[in-house]
Amino acid sequence: MTTKTKSLAILNSTAPFSKTNGKDALDIALIFGSYEQPTSLFFQADGVWQLIDNQNPEAIKVKNYLKTFSALEFYDIENIYICRNSLKERKLAENFHIDNVQILNAEDFSEKLSQHQVILRF
């Protein structure tokens, strides 16, 4: 039996530029990180697109908030998980614009997520 940690999980499941969900989730992660609240980021479904490198949102006249992911390390947000099944379903390579991404199968992804007391879904 695993002990639940007193940490926050932010689950990203929407594409980066279809709504503001991705930017909002990142902003919340940085806010909690600035207060030294243990925070983990999870990406599944279309949310995996947020971590894919070499995107060009300027082409659709949208501000590129993805560059802000590089600030995560300064806020001690190091637990970043991505669902392998979601990558495969979208035929995406493991080519991310940030380091320290842990790719997990669906079962391990769910297990890691369930270890958090608070889960915010975007």
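Position in the sequence shown (first residue = 1) + 21 = the working numbering.
Think of the CB as a built atom: it goes at the ideal place given N, C-alpha and C, for glycine as much as any other residue.
These numbers were taken from a predicted model, which means no experiment stands behind them.
Expressed to the nearest angstrom, what Euclidean distance is found between the alpha-carbon atoms of residue i and residue j?
i	j	result
Phe-38	Phe-130	24 Å
Gln-123	Ile-101	6 Å
His-118	Thr-89	10 Å
Ala-114	Lys-27	33 Å
Lys-82	Leu-47	20 Å
Phe-63	Gln-138	14 Å
Glu-57	Arg-142	20 Å
Asn-116	Ile-73	6 Å
Ala-127	Gln-136	15 Å
Lys-44	Ala-36	10 Å
Starting from residue i, trace the alpha helix (DSSP H) both ways and give me its first and last residue.
i	result
Ile-49	42 to 55
Ala-30	Counting along the chain, Ala-30 falls outside any alpha helix (DSSP H), though it belongs to the beta strand (DSSP E) covering 26 to 33.
When we look at the beta-carbon of residue i and count the other beta-carbons within 10 Å, is it buried (16 or more) or exposed?
i	result
Gln-15	The requested residue 15 does not occur in the structure, where the chain is confined to residues 22 to 143.
Val-69	buried
Asn-85	exposed
Asn-33	buried
Ile-52	exposed
Ser-107	buried
Ala-50	buried
Report, in whole angstroms, the separation of the C-beta atoms of residue i and residue j, which I expect to be a contact under 8 Å.
i	j	result
Ile-140	Ala-66	With 8 Å as the limit, Ile-140 and Ala-66 do not qualify as a contact, their Cβ atoms being about 15 Å apart.
Ile-98	Thr-60	5 Å
On the DSSP letters alone, give me the boundaries of the beta strand (DSSP E) that residue i sits inside.
i	result
Leu-141	137 to 142
Leu-125	122 to 125
Handout entry: In chain order, each beta strand (DSSP E) run of at least 3 residues that lies wholly inside the stretch 64 to 109
Key = Correct list: 100 to 104.
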